[in-house]
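Residue numbers (the working numbering), protein chains in the order written: chain B, 1473 to 1604; chain X, 1473 to 1604; chain R, 1473 to 1604; chain G, 1473 to 1604; chain Z, 1473 to 1604; chain Y, 1473 to 1604.
6 protein chains.
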Amino acid sequence: MFSVTVRDHMMIAHSFRGEVFGPAQRLHGATYVVDATFRRTALDADDIVVDIGRAAEVLHEVLAELNYRNLDDQPELAGVNTSTEALAQVVADRLADRVQAGALGDGAQGLEGLVVTLHESHIAWASYERQL
Amino acid sequence: MFSVTVRDHMMIAHSFRGEVFGPAQRLHGATYVVDATFRRTALDADDIVVDIGRAAEVLHEVLAELNYRNLDDQPELAGVNTSTEALAQVVADRLADRVQAGALGDGAQGLEGLVVTLHESHIAWASYERQL
Amino acid sequence: MFSVTVRDHMMIAHSFRGEVFGPAQRLHGATYVVDATFRRTALDADDIVVDIGRAAEVLHEVLAELNYRNLDDQPELAGVNTSTEALAQVVADRLADRVQAGALGDGAQGLEGLVVTLHESHIAWASYERQL
Amino acid sequence: MFSVTVRDHMMIAHSFRGEVFGPAQRLHGATYVVDATFRRTALDADDIVVDIGRAAEVLHEVLAELNYRNLDDQPELAGVNTSTEALAQVVADRLADRVQAGALGDGAQGLEGLVVTLHESHIAWASYERQL
Amino acid sequence: MFSVTVRDHMMIAHSFRGEVFGPAQRLHGATYVVDATFRRTALDADDIVVDIGRAAEVLHEVLAELNYRNLDDQPELAGVNTSTEALAQVVADRLADRVQAGALGDGAQGLEGLVVTLHESHIAWASYERQL
Amino acid sequence: MFSVTVRDHMMIAHSFRGEVFGPAQRLHGATYVVDATFRRTALDADDIVVDIGRAAEVLHEVLAELNYRNLDDQPELAGVNTSTEALAQVVADRLADRVQAGALGDGAQGLEGLVVTLHESHIAWASYERQL
């Protein structure tokens, strides 16, 4: 199994609902350093998993929809706690939609899996893994 | 599949028995930077894998039992080489005991797996992965 | 010249005023991984620059005043853009006040300088350096 | 499941064939920071996955065959784009050959899997995973 | 004293002349992860050292002149060993030229110093520091 | 001003004397990831600060004298707390002796300064800086 990972980041504000979150129920924020990993069993005709440049662009586009925003105001995220792990799924699902729409080219149709990891600090991070 | 990871560290002395260890048969020591990863298929009612704050506390408690000690003197580790990989299992099993005893709350009963990684330097680390 | 550095972090929301900031004029947020470096010419009677444990506690206390908050609502920060570099000075000055008030013990009266670095992402950070 | 990882690096020149590679079709180069992960279900008689020192030596030998070279001139790599992911497989397969030839000792016959990750920069890396 | 640092990278081929370089006399390559640090005594009217976005763009432009190239073929580098430290000076001097030409805006005229660090691997890096 | 840094590590046991050290008064240990930085105003005739390969070898030799040892048993360290900052000076002074004895070659006689940083964990490190 092969994989390629690209890294980018986003800076957002948000708050959480629920006693378990303690002081994080207040409006605060985070830098998420985001790693997107693309997986496939065999390389394509160019000997790659995916074009790293295009993968980085698509990740940047997905993060741009959330970057420099207060996630509490995003209608599509209403009613969910935008925890690091929940946001990992949001980013992964949006990346998957773009892969399936052809944003990474025809060769990328051979991609089989995707992992998105969001690092919220030097001591905590979360991931979501799904098939493509 | 979702996961959340928290990081902490411990500083211990120990020695190894067996020619394969060369100079590490002498009493020496290590800082282990420890990553504990908790996994589950679906998020809980708060949209999280586990409360990161509580996970960090439980990891800290487990490491406190070993921290600032000479592992050669710990009765429960007698007769085993406390290699990085063997210690990863010790930490993982102690974390699993605490999860099963409820230390991470009721929501954490949905946890399915656990990975513990101990970084012994910038060029070597070891992991142990188990089910919950 | 000797130095000791301890690392912690904080997660805040804020916004900026001024066209130069582009989309960062919107309410967003950041995780700042914060390094505080203490400097002195000679070690104290215990052969240290400062007690690392106490230095870490004092840094944690200073960051707790800002952590999990919207900095736009902090009266003492009104009228200033809380850029990474401006916040580095805020943290450094508050640390200096505590050092001078004796929070790091008598031995720490020999400290001569302080550097605070805030990492806002894997590709950008800022520092402020001052005397003690 | 246990694993042990060792890290080393190599510095090579190469070029790519195919429009997808854009400016990387020109002769350029890379530092690859290489992580080799060895996996097995149970520890050996010395309570380890593999001797870390020997694993590091074998990885160093494999990388020495490629280090400080122009990969475009390596006969055994002719006709393939030496992408980060393709090189991860080259390194993994050569490591596997050495493990099977006994370079890591008899205890290492219990190894079950191998992952090789090549970091090409702070924002991109690739892996190849195989059985042993 | 305040500073702001931005990080980017470039991937180049080159070779060295001189016995001291051993196998690095062969054509090989490197990824340089490049940190550019801008320093000044006081913040500007926007409470910043320099606009991080513009600083990142200018660094990217300077690196683009070298990226994906064989430095042995660059006329302006003829006759010099493009060691990590020598390249740090090349990047710093080109950044300084752009700052002085106004590429970072009028506020950046207050910049006083510049440090460029090139990381060639996880175990070696080099810097060049100069005034502005 | 130019600088070159090389990184290595050592794994030692030790204990501290003095109430300020709390549980670190017990025999424990540490991995120190060690960075040695060499500085000079102008490059040598080979366009380098120092031969990185030789610098790495000399650092490795100095660390080998301490590696895999209980520092409490080292006669030359008797009566001093081997704090991270105190050890940084030990390593720096031993490096300086070797530089002055010619271990880095004639070109290295132009070196002017030296900084040694010991990282004891992901959240604490210490440095010692001196002239050559």
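Here a beta-carbon is modelled for each residue, glycine too, at the ideal position from N, C-alpha and C. For clarity, every value in this text was computed on a predicted model and none was experimentally measured.
(request) Classify G:E1491 as helix, strand or coil using the three-state DSSP reduction. (result) helix
(request) Figure out for me which residue from Z:R1526, Z:F1510, Z:F1488, Z:D1507 has the closest Cα to the Cα of Z:G1501. (result) Z:F1488
(message) Assuming G:E1601 is part of the beta strand (DSSP E), what are its boundary residues?
(response) 1596-1603
(request) Out of X:H1591, X:S1475, X:Q1546, state which residue places its alpha-carbon closest to the alpha-carbon of X:A1514. (result) X:S1475
(request) Compare the C-beta of Y:N1553 with all C-beta atoms of chain R and state if any pair is closer than 7 Å. (result) yes
(request) Check the Cβ of B:I1484 against every Cβ in chain R and list those closer than 7 Å, keeping chain order. (result) H1500, G1501
(message) Can you tell me whether R:D1518 is buried or exposed? The criterion is at least 16 other CB atoms within 10 Å of its CB, across all chains shown.
(response) buried
(request) Please report the Cβ distance between R:V1521 and R:F1510, rounded to the nearest whole angstrom; I am assuming they are in contact, meaning their Cβ atoms lie under 8 Å. (result) 6 Å
(message) Residues of chain Z with CB closer than 8 Å to the CB of G:E1592, please, in chain order.
(response) M1483, T1503
(request) Following the continuous beta strand (DSSP E) through Y:V1588, name the residue where it begins and the one where it ends. (result) 1585-1593
(message) Could you compute how far the alpha carbon of R:E1584 sits from the alpha carbon of Y:I1595?
(response) 22 Å
(message) Counting only Cβ-Cβ distances shorter than 9 Å, please list the residues of the segment 1554-1584 of chain G near chain X, keeping chain order.
(response) G1577, G1579
(message) For Z:A1560, count the other beta carbons within 10 Å of its own beta carbon; 16 or more makes it buried, fewer makes it exposed. Which is it?
(response) buried
(request) Could you check what DSSP says for Y:T1509 in three-state terms: helix, strand or coil? (result) strand
(request) Determine, using beta carbons only, whether G:G1525 comes closer than 7 Å to chain B. (result) no
(message) By the three-class DSSP mapping on this structure, what secondary structure does Z:T1503 have?
(response) strand
(message) Counting only Cβ pairs nearer than 9 Å, list the residues of chain Y close to Z:A1598.
(response) F1474, S1475, V1476, T1477, I1520, V1521, I1524
(request) Say whether chain X places a C-beta atom closer than 7 Å to the C-beta of Y:P1547. (result) no
(message) Considering only the alpha carbon of each residue, which of B:R1566, B:E1601, B:A1496 lies closest to B:A1536?
(response) B:R1566
(request) Consult DSSP for B:I1484 and reduce its assignment to one of helix, strand or coil. (result) strand
(request) Anything in chain Y within Cβ reach of Z:E1601, meaning under 7 Å, just list it in chain order. (result) M1473
(request) Can you give me the Cβ contacts of X:R1479 inside the same chain, cut-off strictly under 6 Å, excluding the 5 residues immediately before and after it? (result) D1507
(message) Whole angstroms are fine: how far does the CA of X:A1564 sit from the CA of Z:S1599?
(response) 42 Å
(request) Starting from B:I1524, trace the alpha helix (DSSP H) both ways and give me its first and last residue. (result) 1524-1536
(message) Suppose the cutoff is 6 Å on Cβ atoms and the five residues either side in sequence are ignored; what does the same chain contact list for G:R1602 look like?
(response) A1564, L1586
(request) With DSSP collapsed to three states, give me the class of G:T1556. (result) helix
(request) Check whether the Cβ of G:V1588 lies closer than 7 Å to any Cβ atom in chain B. (result) no
(request) Return no unless some Cβ of chain Y is closer than 7 Å to the Cβ of X:A1550. (result) no
(request) Using alpha carbons as the reference points, say which of Y:A1575, Y:D1544, Y:V1562, Y:G1525 lies closest to X:L1499. (result) Y:D1544
(request) Please determine, among B:G1494, B:V1505, B:I1484, B:M1473, the residue with the shortest C-alpha to C-alpha distance to B:T1589. (result) B:V1505
(request) Give me the Cα-Cα distance between R:R1570 and X:A1575, rounded to the nearest whole angstrom. (result) 36 Å
(request) Check each candidate in G:E1592, G:W1597, G:L1604, G:S1593 and name the one with the smallest Cα separation from G:Q1581. (result) G:L1604
(message) Would you say R:A1496 lies against chain B (beta-carbon separation less than 7 Å)?
(response) yes
(request) List the residues of chain X that B:V1492 touches, going by C-beta distances under 7 Å, in chain order. (result) D1518, D1523
(request) With DSSP as the reference, please indicate the residues paired to Z:N1542 in a beta bridge. (result) Z:A1485
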